[in-house]
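To start, the structure under review is shown below, and the notes come after it.
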Amino acid sequence: MVGATVIAVSLYALVILSFMAGSQWGMFFIAPHPRRAWLLLWSNFVALSGWCLFLFTAPIIFILGLIILFSGMLFVDFYLQNLEITSRNYLGVRITATIITLIALGVIALNV
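With my numbering as the guide, the letters of the sequence shown map in order to residues 1295 to 1406.
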């Protein structure tokens, strides 16, 4: 991929990652409980990790980091659905969106 294209795709993926981290941050407020305060830390960790990866690593490391972070967020979504904080429909959408995202990131990683 050309430099400007890599940056554009990276920023787009980073915005999506930040948005999804924000949605998990908001899940704490749907069912607030001291034992779920880790959601606040987790979501900030995900967003800040994504930005740090973008700013301070090579593009391939950034893309691989995004794959790990998106996968981790999906596992958290499974956990939240297991606690019945989110619905099965929401989880279904998240599974589909994450699979598509991971495939796209994999293709990008092969071309960086």
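We put the CB at the ideal spot given by N, CA and C, even for glycine.
If you're wondering where the values come from, they're calculated on a predicted model, not measured in any experiment.
Pair within 8 Å by beta-carbon distance, residue 1322 and residue 1331: yes
Tell me the DSSP secondary structure of residue 1387 in three-state form. helix
Which word fits residue 1364, buried or exposed, when buried means at least 16 other C-beta atoms lie within 10 angstroms of its C-beta? buried
When burial is assigned at 16 or more other CB atoms within 10 Å of the CB, is residue 1329 buried or exposed? exposed
Give the single residue among 1366, 1360 and 1380 whose Cα lies nearest to the Cα of residue 1400. 1360
Alpha carbon to alpha carbon, what distance is there between residue 1298 and residue 1369? 32 Å
Can you check whether the CB of residue 1309 is closer than 8 Å to the CB of residue 1353? no
My understanding is that residue 1356 touches residue 1304, with C-beta atoms under 8 Å, so please give their C-beta distance in whole angstroms. 6 Å
Leaving out five residues on either side along the sequence, give the residues of the same chain with a beta carbon under 6 Å from the beta carbon of residue 1312. 1341
Looking at the secondary structure, which residues open and close the alpha helix (DSSP H) in which residue 1377 lies? It is not in any alpha helix (DSSP H) - residue 1377 carries neither H nor E in the DSSP assignment.
Residues near residue 1319 in its chain [Cβ-Cβ closer than 8 Å; skip 5 each side]: 1333, 1334, 1337 and 1338
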